[in-house]
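First up is the structure itself, then whatever we jot down about it.
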Amino acid sequence: RGTSIYFVADHEIFGKNLKFNFKTICDRAESKAFINRGLKLLVTDTRSGEAKRFHYENGILDYLTKVLGAQKGIMPAPFFISAESPIRCDAALQWTERTESRIESYCNSIATGDGGTHEAGLRNAIVKTLRDVMERKAPKGKAIAITADDAKEGLTAILSVLVEQPQFQGQTKDRLNTPEVAGQVENIVRPAFEKYLIENPSVADALIARVELAARARMASRAARDEVHRKGAISHRLTLPGKLADCSSTDPEDSELFIVEGDSAGGSSKQARDRKIQAILPLRGKILNVENAADAKLQANAEIQALVLSIGTGIGPSFDIAKLRYNKIIIMTDADVDGAHISALLLTFFFRNMRPLIENGHIHLACPPLYRIMVGKEEHYAADDAEKEKILAKYKGRHIEVSRFKGLGEMPMKVLKETTMDTTARKLMRVVLVDETETESAFSQLMGKDVQARFKFIQENAAGFDLDI
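Set out below in structure tokens:
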């Protein structure tokens, strides 16, 4: 059974109220089981009696499957390589229609969140292989010139290496700095990946088409940016969207941007706002679903561009959080299914294109009421049916009148201000990223192109929801 190790936390350092989180420990154990193929781990919580076993015969291939979730791969099966010399190296690769890339790397079972020389070797192997294969397949001189970013677009990769006496950057070991590992990983992955593509020409064609699509989108996006810069040089100023009702404060720390649905809601929210610190951006209808949209399509979408200009940070490679114009970005939609759909589309956009805004706590959801409940002359407000039922039960036996708001545009300015926008009385929900893998899977399943995966999710979860339709 191996060595038993017991430890007790130092209460002088961690405090006397220290409690171990079973889920956190299980997450760590599961990652170790993924990285160390065949390892069996049992985690038992003696407080509750709950126990979980972790064992993955396919190692990082199983991990890649979990990370991809419902996303459909470009290749029929992921590419996988495992080598023992000159270093132990396992790598699993798959491309999807998504524009983002995700590489998770490990050295000696330690997660290297900031990458390092092993990731550099993997990237070099991928880019050089794709360039070589594309040049072979294209007529002489006709191959599209691709960049490393083109090759990485849509890539999900898991990389694990075992290195003797590794050199890490800093105490947290977030980055591997051992120089020779880059060449070792490249020399392991490149010939195996090239052989795989040569032996599977249909897979190579599909992957080349995916990379060429990314390259063309990059070129179109660059042309669009150059045109914007040219016009900017002529006007010598940045023009904010005309529909934006900006606040008077120029201090981002105090400022808030409310994203609302349509001109009707925009009108009432402009009346209810605090003009000094609250800006209003009305969007027309449902914005673009960006889950599988190319950069060129984002550049051409008027509502997306209005949003990007208003926030000020830019998106993608040009994103700069230092240029954020508002400390709080608040999604304020109707408290019904349509409003929830618009919120989901906006959250998809922020997660895919401005994720640091979520990670740094800048994205919030407003909580407008759905019902007004009059108990005699007393006014009460409920955000949903559950809250309404609590109020009705509390005042059972008294004269009660219940009315439902059709939307923010139909809500009296005074009510909207007091319940949803007044900084001293409102309730906001901050959007947080708890589990990146689960969140990735949820967005891919619910907002992606795989209708069957979405239908399966609805079938499995419909019983747990009271749909407002």
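In the numbering used here, the protein residues as written are 68 to 536. Beta carbons: idealized from backbone N, C-alpha and C, even for Gly.
In the three-state reduction of the DSSP assignment, H408 falls in the helix class. Three or more pairs of CB atoms, one per stretch, sit closer than 8 Å, so the region 221-241 contacts the region 170-182.
Secondary structure remark: continuous beta strand (DSSP E) runs of at least 3 residues inside the region 478-527, in chain order: 495-497. A contact is defined here as three or more CB-CB pairs under 8 Å, and the region 123-141 meets this definition with respect to the region 155-168. The beta carbon of K516 sits closer than 6 Å to the beta carbons of N359 from its chain, once the five residues preceding and following it are set aside; these are given in chain order. Under the three-state reduction of DSSP, H466 is assigned to coil, being neither helix nor strand.
In the DSSP assignment, M201 falls within the alpha helix (DSSP H) that extends over T184 to K204. For M142, the closest alpha carbon among the candidates L500, T223 and L432 is that of T223. A332 places its beta carbon less than 8 Å from that of G474.
Beta-bridge annotation (DSSP): G140 is paired with T163. Residue range I127 to L135 is occupied by the alpha helix (DSSP H) that includes Y130. Ranking K83, A363, S511 and E456 by CA distance to the CA of A282 puts A363 first.
I467 and I396 do not touch by the CB rule: their CB atoms are close to 37 Å apart, not below 8 Å.
Residue environment: R285 is assigned as buried (16 or more neighbouring CB atoms within 10 Å of its CB, all protein chains considered). Taking the Cβ atoms as the reference, G221 lies roughly 12 Å from E279, outside the contact range of under 8 Å. Secondary structure at M286: helix, using DSSP grouped into helix, strand and coil. In the DSSP assignment, A449 falls within the unbroken beta strand (DSSP E) covering E445 to A449. In this chain, V442 is not harboured by any alpha helix (DSSP H); it is covered by the beta strand (DSSP E) spanning Y438 to V442. For a cut-off of 8 Å, the C-beta gap from T486 to Y448 is around 5 Å, short enough to register as a contact. E328: member of the beta strand (DSSP E) spanning E323 to E328, first to last residue.
By the 16-neighbour rule on beta-carbons within 10 angstroms, A218 is buried. By the CB criterion at 8 Å, V357 and L365 fall inside the cutoff. Measuring C-alpha to C-alpha distances from F101 to each of T400, Q372, H122 and L109 identifies H122 as the nearest. By the C-beta density criterion, A460 is exposed, having fewer than 16 other C-beta atoms within 10 angstroms. By the Cβ rule, the region 496-514 counts as touching the region 424-440, because three or more pairs are nearer than 8 Å. Each residue's CA atom was taken as its position, placing F524 and M514 some 12 Å apart. In this structure, the beta-carbon distance from R465 to G443 falls below 8 Å.
I388 and T113 have their C-alpha atoms spaced approximately 44 Å apart. Linking G379 to M480 through their CA atoms gives a straight-line distance of about 29 Å. For S511, the closest of V134, K262, L108 and E124 by C-alpha to C-alpha distance is V134.
Taking every protein chain shown into account, the CB of M441 has fewer than 16 other CB atoms within 10 angstroms, so this residue is exposed.
As DSSP reads the structure, Y173 sits in a beta bridge with A178 and S227.
Annotated three-state conformation of F87 is coil, per DSSP.
Here K457 is exposed. Its C-beta has fewer than 16 other C-beta atoms within 10 Å. Taking the C-beta atoms as reference points, A361 is found no nearer than 8 Å to T214.
Using a C-beta cut-off of 8 Å, the region 264-271 makes no contact with the region 244-253, since fewer than three inter-stretch Cβ pairs fall below that distance.
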